[in-house]
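Before any comments, here is the structure.
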Amino acid sequence: MFIPLRDENPTTRFPLITVLFIVLNVLIFFYQIFSPEGLQYHVFRMGAIPYELTHFRSLAFPHVPRLFPPLTLLSAMFLHGGFLHLGGNMLYLWIFGNNIEDYLGPFRFILFYIICGLAASLTHVIFNPNSTMPMIGASGAIAGILGAYLMLYPQARVMTLVFLFIFIEIVPIPAAFFLLLWFFLQVMNVGFGGGVAWFAHIGGFLAGVLLIRVFNPRRRARLWVN
């Protein structure tokens, strides 16, 4: 087991959008658990259900008015099922998101985050077209950030808490190794279920790998000469 603690990759600006995303996710989670309806109500109201999106029909849940299905692809990205789910996602977002925001700038980072999240959700839908279970969580969008980080900063070191049987060590690990290992574990877990949308993680990661070049703010503008 390994848990990232921080990376050794300084930024040039305060990661305002990353912080706002974290705050938004936390506030929405606390609204979920403290609202009169309870956490499960909001999961079934705004979670993305593949069956609805592939069969073009809304499912009926007792006393839960479903959000318009296409909109759930966005709303699901800001819902979480528990403290560990939220905490793990926000830890990864904080460690790796600040550098991607620093590279892209605030506006591009917002677009990148949302598009990676949508790509992750659609990947889950494609591979689970008949699932009637709501999918929630920011991990698909954050997986896109991990993919982008791999492409941009493979040599950066990630200080990682490593559990090896009875030994616990903080080890500096190259980002390329850490992130490829993370991706490998997502692929290896496909088929084991456990209530985790593994295909969303894979789809988000690959979207980040591909899209970071499209969103590159440092590309030279093409000059047309006649």
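In our numbering, the protein residues as written are 2 to 227.
Where a beta carbon is used, it is the ideal one built from N, C-alpha and C, also for glycine.
Considering only the beta carbon of each residue, do Ala-121 and Gly-141 sit closer than 8 Å? yes
If you compare alpha carbons, which of Gly-209, Leu-211, Arg-14 and Trp-183 is closest to Trp-199? Trp-183
Which whole-angstrom value is the C-beta distance of Thr-73 and Pro-130, which I expect to be below 8 Å? At roughly 15 Å, the Cβ-Cβ gap does not stay under 8 Å, so Thr-73 and Pro-130 are not in contact.
Around the C-beta of Asn-90, are 16 or more other C-beta atoms found within 10 angstroms, so that it is buried, or is it exposed? buried
Boundaries (first-last residue) of the beta strand (DSSP E) holding Val-159: That run of the beta strand (DSSP E) goes 158-165.
Would the segment 109-118 count as touching the segment 211-219 if we require 3 or more Cβ pairs under 8 Å? yes
Entirely enclosed beta strand (DSSP E) segments - the segment 81-116, minimum 3 residues: none
Taking the beta carbon of Tyr-229 as the centre, do at least 16 other beta carbons fall within 10 Å, making it buried, or is it exposed? The structure shown does not extend to residue 229, since the chain spans only 2 to 227, so no value can be given for it.
DSSP state of Val-61 mapped onto helix, strand, coil: The identity of residue 61 in the sequence shown is Ala, whereas the question assumes Val. Here Ala-61 sits in coil by DSSP.
Could you pull out every residue in the same chain whose Cβ sits closer than 7 Å to the Cβ of Val-172, ignoring the five residues on either side in sequence? Thr-161 and Val-163
From the DSSP output, in three-state form, read off Glu-170 for me. strand
Provide the residue span of the alpha helix (DSSP H) that contains Phe-200, from first to last. 199-215
On the CB-based measure, 16 or more other CB atoms within 10 Å of its CB, does His-81 come out buried or exposed? buried
Measure the alpha-carbon distance for Ala-208 versus His-64 and round it to whole angstroms. 36 Å
Taking only three categories from DSSP, how would you classify Arg-46? helix
Which residue comes first and which comes last in the alpha helix (DSSP H) that contains Phe-178? DSSP places Phe-178 inside the alpha helix (DSSP H), whose first and last residues are 176-190.
Check Met-152 in the structure and name its three-state DSSP category. helix
Inter-residue spacing [alpha-carbon to alpha-carbon] between Asp-8 and Glu-170: 16 Å
For the beta strand (DSSP E) that contains Leu-17, what are its first and last residues? No beta strand (DSSP E) contains Leu-17, which is instead part of the alpha helix (DSSP H) from 17-35.
Checking contacts by CB at 8 Å: is Gly-89 closer than that to chain D? The displayed structure is made up of one protein chain only, and chain D is not part of it.
Judging by CA-CA distance, which residue of Phe-3, Thr-12, Ile-18 and Leu-6 is the nearest neighbour of Leu-112? Checking every option, the nearest Cα to that of Leu-112 belongs to Ile-18.
Out of Gly-83, Ile-50 and Met-78, which one is the CA nearest neighbour of Arg-67? Ile-50
With a CB to CB cut of under 7 Å and the five nearest residues on each side skipped, what residues in its chain are close to Thr-124? Phe-200, Ala-201, Ile-203 and Gly-204
Looking at C-alpha atoms only, which residue of Val-126, Ile-174, Leu-105 and Arg-158 is the closest neighbour of Ala-77? Val-126
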